[in-house]
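Report on the structure given below.
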Amino acid sequence: MKHQQNLTTYLHAFISELASNGVEHAVISPGSRSTPISLLMVEEERMNVHVHVDERSAAFFALGIAKVTKKPTVLVCTSGTAAANYFPAIVEAKISRIPLIIITADRPHELRDVGAPQAIDQIDLYGKHVKWFMEMSPPDGDNSMVRYVKTIGARAVATSIQRPNGPVHLNLPIREPLIPDLENIQEYKEKDKTVKSISIKTGDSIVSDSYFIDLSQDITQYRNGIIVCGEMDNPDFSNKVRELAKVTGYPILADPLSNLRSDAGQMEFIIDTYDTFLRNDGMKQILSPEIVLRFGSMPISKPLTIFLRENAKAKQVVIDGGSGFRDPNQLTSEMVYCDESYFCENVIHFIKDCSMNHYLDKWKEVNSKTKEELMQVEGIQELSEAKLFKKLAELIPDQAALFVGNSMPIRDLDTFFHHQKKSVTIIANRGANGIDGTISTALGVAMVKKPLFLVVGDLTFFHDMNALMIAKQYDIPITILLINNNGGGIFSFLPQANLPRHFELLFGTPLHIDFKHLVTMYKGEYELISDWSHLINLFQHSNFTSGIRVWELQTNRDENLLEHRNIMGNIAEVLEKSFAKGDSIDS
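Taking my numbering, the leading residue of the sequence shown gets 1, the next gets one more, and so forth.
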């Protein structure tokens, strides 16, 4: 009885502290050793508890919730290989700076390394892929442990949301018996109120005024400047960077995950077709910058990354509120560790108005011409991966969320999904850039942000099809546009395509799956898209508030490669004729 009381007091205080510090969601992977954690998590009224039997999928599901809420989601599992299945999502969370609190139940110390069942070495299991690891004391002892465990709970939350956000791992050894005192749970709640909660405040780095004065002088001197915006987690940044562009006269090269090109905000300075025109050497010469201000993660676009690398002589300033070093080109002139909105405010404060800028006009003219030429995809009659994203930009509802899978979909989004006068939140797993857990992450997003649309390839869908179980279980509304080119379409664009003897076996990897049967197994609605009018009709007449919908678009990898090359070739030719000699650009 004493053990049960100590167990309940300890774990109730711990879980209560997590909730008091803002944790709202917990994802539980059922198991035996984690029994008391799971039971008391359900008893915490402030916690939304989701149960998912597939640990790998559960971890990505938690990741998706945290992506949208910007608050840590708790993950709970039993001991053994269950914890190892969380690993891919934790890797993604660390690199993409998503707050998670992973609680792994463990065997007590006397049952470790002695052949006990379901006992693996869980100490520092995730290594450098978490911000903090703590081996917690077992839930034994008396009430003096309450203050200890509350401190751990508060510290876990604070560490996960201290920029850069990220995952923390708490390993909790628990002795049997495992059932807490649920009959007297109200008494434990009242007892917990007698011990104060702990509130930990976090702040951002401050940069001296003298730095901003010097930088503002550089900006005034360098009229050929660009602002590059990748994915970030700063909610105030969108308006601030637009103000910065206005006073500097610099164009904003907006990665789709920056969500600067997919909201209803002011578009005057936004450049959204650079992935196309920066493939052209002539355009790169005309648009060569003297200074680059870069915010957020590295952009998706490879042509833009190459463009930045080729302009090594330009002053390149990287602003990172998470104090990381995100510069694979290794050409940064200045790495500024401060809040991105704070940076914009200070430059705006110290700079003189430089908004009259012919260099900006060059970017806007090339962007406008490229966008005009990209409209040629509208003339494609057959089902096409390129045209899908043009149509999606037109058809997706206002205020929707769009989750995009890696490999070809995210690249086609970058190239063909341009600004519409609607607010669409674009999301992807671009930390480790893998295809693992894509549907699971999207479903986590859909728990919070609705309606949600997901675009994935057939390999990505196959890799995470178990995720549909949680969609069915909780009736999470999701509409999946499944691009089925029967294999790894991106490899057709890579040097591996020149290895015909090995290509299909090792890279093309056709699956030959009838996805209709898979979807119906999870009680989803399935449609094989026959033509563009069919897709338009589905958007116009579907109910996006409940259920699983999978709309399959079948394409051919070889035809897709040829189509992309033709589009880019035609646009390159037009740009050469229009701008190679600078005839249409005021130099």
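All C-beta atoms in this analysis are idealised placements derived from N, C-alpha and C, irrespective of residue type, glycine included.
Since the model is a prediction, treat every value here as computed from it, not as a measurement.
DSSP beta-bridge partners of residue i
i, result
"L575", "BP columns for L575 are empty, so no partner."
"L253", "V228, I271"
"V51", "I28"
"K22", "The amino acid occupying residue 22 in the given sequence is Gly; Lys does not appear at that position. According to DSSP, G22 bridges with nothing at all."
"R326", "Answer is none; R326 lacks a bridge partner."
"N589", "Coverage of the chain is limited to positions 1 through 587, which leaves residue 589 absent and any answer about it impossible."
"F515", "F515 is not bridged to any residue."
"Q285", "Answer is none; Q285 lacks a bridge partner."
"K315", "I291"
"A600", "Outside the displayed span of the chain (1 to 587) sits residue 600, for which this structure offers no information."
"I483", "G457, L553"
"E334", "V317"
Outcome for residue i when other beta-carbon atoms lying within 10 angstroms are tallied against a minimum of 16
i, result
"E573", "exposed"
"I439", "buried"
"A19", "buried"
"E231", "buried"
"D531", "exposed"
"Q381", "exposed"
"A588", "Outside the modelled stretch of the chain, which goes from 1 to 587, sits residue 588, for which no answer is possible."
"P397", "exposed"
"A467", "buried"
"N259", "buried"
"Q316", "buried"
"R163", "buried"
"D236", "exposed"
"G322", "buried"
"S205", "exposed"
"E373", "buried"
"Q122", "buried"
"S423", "exposed"
"G127", "exposed"
"V157", "buried"
"P604", "Nothing about residue 604 can be reported from this structure: the residues present for the chain run from 1 to 587 only."
"P409", "buried"
"D209", "exposed"
"S578", "buried"
8 Å contact criterion, which residue i and residue j should meet: CB distance rounded
i, j, result
"I101", "L7", "No, I101 and L7 are not in contact; Cβ-Cβ is about 20 Å, not under 8 Å."
"D255", "P303", "Going by Cβ atoms, the distance from D255 to P303 rounds to 12 Å, so no, they are not a contact pair."
"L481", "L413", "Contact doesn't hold; Cβ gap of about 11 Å is too wide."
"L253", "I227", "7 Å"
"H52", "V76", "Their Cβ separation, rounded to whole angstroms, is 11 Å, which puts H52 and V76 out of contact at 8 Å."
"P30", "P108", "With 8 Å as the limit, P30 and P108 do not qualify as a contact, their Cβ atoms being about 21 Å apart."
"S96", "R33", "Going by Cβ atoms, the distance from S96 to R33 rounds to 30 Å, so no, they are not a contact pair."
"N486", "P451", "Going by Cβ atoms, the distance from N486 to P451 rounds to 29 Å, so no, they are not a contact pair."
"M134", "I120", "Contact flag wrong, Cβ pair sits at about 18 Å."
Short Cβ contact (8 Å threshold) for residue i with residue j
i, j, result
"P99", "S160", "yes"
"K284", "L293", "no"
"R46", "P88", "no"
"R242", "H419", "no"
"N346", "D272", "no"
"P477", "F544", "yes"
"F493", "L561", "yes"
"Y474", "H3", "no"
"K362", "I286", "yes"
"A428", "F403", "yes"
"G166", "A93", "yes"
"V195", "R147", "yes"
"F212", "F350", "yes"
"I198", "K131", "no"
"C229", "F295", "yes"
"Y342", "S301", "no"
"F416", "V377", "yes"
"V445", "G64", "yes"
"W551", "I536", "no"
"T35", "I179", "yes"
"T305", "Y188", "no"
Proximity test, residue i beta-carbon vs the ligand COA heavy atom, cut-off 7 Å
i, result
"G489", "This structure lacks the ligand COA; in fact it carries no ligand of any kind."
Residue-chain proximity (residue i, chain B), Cβ-Cβ < 8 Å
i, result
"D275", "Of the chains in the structure shown, none is chain B; there is only one protein chain."
**Message:** Give the list of continuous beta strand (DSSP E) stretches no shorter than 3 residues that lie fully inside the segment 63 to 98.
**Reply:** 73 to 77
**Prompt:** What runs of the alpha helix (DSSP H), each 4 residues or longer, lie entirely inside the segment 526 to 581?
**Reply:** 532 to 541, 557 to 579, all fully within the segment 526 to 581.
**Asked** Whole beta strand (DSSP E) runs in the segment 142 to 192 with 3 or more residues, listed along the chain?
**Response** Counting only runs of 3 or more, we get 167 to 173.
**Asked** Can you list, in chain order, the stretches of the alpha helix (DSSP H) that have 4 or more residues and sit fully within the segment 359 to 388?
**Response** none
**Item:** Whole runs of the beta strand (DSSP E) within the segment 450 to 479, excluding any shorter than 3 residues
**Value:** 452 to 457
**Asked** What alpha helix (DSSP H) runs, 4 residues minimum, are completely inside the segment 189 to 225?
**Response** Counting only runs of 4 or more, we get 209 to 221.
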